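Quick notes on the structure that follows.
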Amino acid sequence: MSEEKTIEWIKKGVAQGYSRMIDQTLLPYEYKKVDISTTKGIYDAIKTMIVRGAPAIGIAGAHGVVIAAIENKNSADFINEVKKAANYINSSRPTAVNLAWAINEQLKILDDNKDKSNNEIIELLVKNAIRLEDEDIEINKKIGQYGSEIIPKGAGILTHCNAGALATVGWGTALGVIRSAYLKDNTIKVFADETRPRGQGAKLTTYELLRDGINTTLITDNMSAYFMKKNMIDVVVVGADRIALNGDSANKIGTYLVAIAAKYHNIPFYIAAPKSTIDAEIKTGDEIVIELRDKEEVTIINNKLICPKDVNVINPGFDVTPSELISGIITEYGIFKPDEIHKLFK
Ligand code: MRU
30 MSEEKTIEWI KKGVAQGYSR MIDQTLLPYE YKKVDISTTK GIYDAIKTMI
80 VRGAPAIGIA GAHGVVIAAI ENKNSADFIN EVKKAANYIN SSRPTAVNLA
130 WAINEQLKIL DDNKDKSNNE IIELLVKNAI RLEDEDIEIN KKIGQYGSEI
180 IPKGAGILTH CNAGALATVG WGTALGVIRS AYLKDNTIKV FADETRPRGQ
230 GAKLTTYELL RDGINTTLIT DNMSAYFMKK NMIDVVVVGA DRIALNGDSA
280 NKIGTYLVAI AAKYHNIPFY IAAPKSTIDA EIKTGDEIVI ELRDKEEVTI
330 INNKLICPKD VNVINPGFDV TPSELISGII TEYGIFKPDE IHKLFK
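Written out as structure tokens, the structure reads:
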């Protein structure tokens with residue numbers, strides 16, 4: 030199984046370097062890495078989804094703070110300039126809380142080391158960014174370990190969107206559970222929702238899982254209830270972008286519909302996510318800001334308009350699954366009932 034990082038900081042001498050990431054807009058046709066060394070470049074990479082998935086955009090944000098510090102190395106107002114750039118990067122996508130979380134992890138370094146030279150601060154930011162990268166993989170492996178325990182032998186597992194190695198630094202959250210389960214039992218079968226409109230399931234999840242030799246079947250988003258009824262799905266595992274303290278969980282648009290279908294068919298529905306995806310500032314999912322994306326993501330497929338050009342379109346990127354539809358939240362600290370997740374902050 031690939032241990033390559035989806036996104037990583039490349040050091041180049043003292044207080045220098047850049048962010049290297051897989052360009053996910055090209056997959057599965059082309060595997061290419063891009064190097065980014067400006068804050069505008071990081072903002073655009075997150076916004077245009079060169080890098081995507083909650084934990085991966087968090088790391089991009091952490092890299093963005095390092096880059097902002099390098100760009101402002103000679104500024105008389107170094108700390109404030111870096112904070113301004115951090116706010117700009119944080120505004121690139123609103124739903125995944127990991128972005129703000131990772132940026133804040135970097136801003137703490139900035140605040141705690143004001144007395145040091147700018148170069149020393151940059152070196153500390155680099156060190157912290159690399160720590161976050163490495164911890165992400167360790168956390169995902171723990172999530173995978175805990176999660177693999179709820180996967181029955183030979184299970185049919187449905188997943189939605191891509192919560193895999195590509196959405197993190199490595200291993201993945203929901204796909205991390207699947208990878209860990211596969212290492213114990215290679216007879217599991219994965220059903221991957223296509224995930225309109227961006228097609229993360231078709232383009233990324235199937236790509237990742239086939240690369241690892243895991244039995245994977247691609248289905249369109251409107252097929253999941255059909256396969257549930259046919260007893261081909263034993264469990265659903267998906268990722269999350271932001272979890273409220275009551276367990277309500279935002280994830281890729283369409284997740285809510287899958288959860289409703291799973292409840293009707295008595296199929297357990299699990300969220301797999303690190304603690305950094307839980308927003309301790311919000312009590313319920315109603316407070317989660319849902320990203321609205323361009324209408325062209327819905328109206329154009331392969332550069333071809335698929336509908337009358339003036340039709341109204343609304344394109345929310347995420348929806349919120351209410352906690353009562355969630356059987357458990359798989360974290361690096363174990364599996365929690367949604368109404369117990371707040372205990373992680375006690
Ligand atoms: O719009 P995306 O592709 O960034 O959305 C990704 C998802 O919804 C993932 O399921 C979520 O970020 C969890 S990734 C481990």
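First residue of the sequence shown? That's 30 in my numbering, and the numbers climb one at a time after it. C-beta: ideal position from N, C-alpha, C; glycine also. Please read these numbers as outputs of a predicted model, since none were measured by experiment.
For residue i, is the classification buried or exposed, using 16 other Cβ atoms within 10 angstroms of its Cβ as the cut-off for buried?
| i | result |
| --- | --- |
| P181 | exposed |
| N191 | buried |
| Y60 | exposed |
| G242 | exposed |
| D348 | buried |
| P345 | exposed |
| P337 | exposed |
| E134 | buried |
| V340 | exposed |
Per DSSP, what are the beta-bridge partners of residue i in this structure?
| i | result |
| --- | --- |
| M261 | None; M261 has no bridge partner. |
| W38 | S48 |
| N280 | D348 |
| T360 | G363 |
| I370 | BP columns for I370 are empty, so no partner. |
Between which two residues does the alpha helix (DSSP H) containing residue i stretch?
| i | result |
| --- | --- |
| Y175 | 147-177 |
| A221 | No alpha helix (DSSP H) holds A221; the beta strand (DSSP E) holding it covers 218-222. |
| F107 | 107-119 |
| L136 | 126-141 |
| T68 | 68-76 |
At which residues does the beta strand (DSSP E) containing residue i begin and terminate?
| i | result |
| --- | --- |
| S209 | No beta strand (DSSP E) holds S209; the alpha helix (DSSP H) holding it covers 203-213. |
| I364 | 363-365 |
| T234 | That residue, T234, is in no beta strand (DSSP E); it is neither H nor E in DSSP. |
Closest to residue i by CA distance: which of the options is it?
| i | options | result |
| --- | --- | --- |
| N353 | P367, G87, S31 | Inspection of the sequence shows that residue 353 is occupied by Glu rather than by Asn. Nearest option by C-alpha distance: P367. |
| D165 | E149, K292, A131, A231 | A131 |
| A83 | K69, D315, A114, N119 | N119 |
| I217 | S121, E223, S209 | S209 |
Helix, strand or coil: which one does DSSP assign to residue i?
| i | result |
| --- | --- |
| M50 | strand |
| R240 | helix |
| L321 | strand |
| V63 | strand |
| V95 | helix |
| V267 | strand |
| L55 | coil |
| Y299 | strand |
| A313 | A small fix is needed here, since residue 313 is Thr in this sequence, not Ala. In the structure shown, T313 sits in coil (DSSP, three-state: anything other than H, G, I, E or B). |
| K292 | helix |
| I88 | helix |
| G185 | strand |
| L274 | coil |
| K338 | coil |
| T249 | coil |
| K375 | coil |
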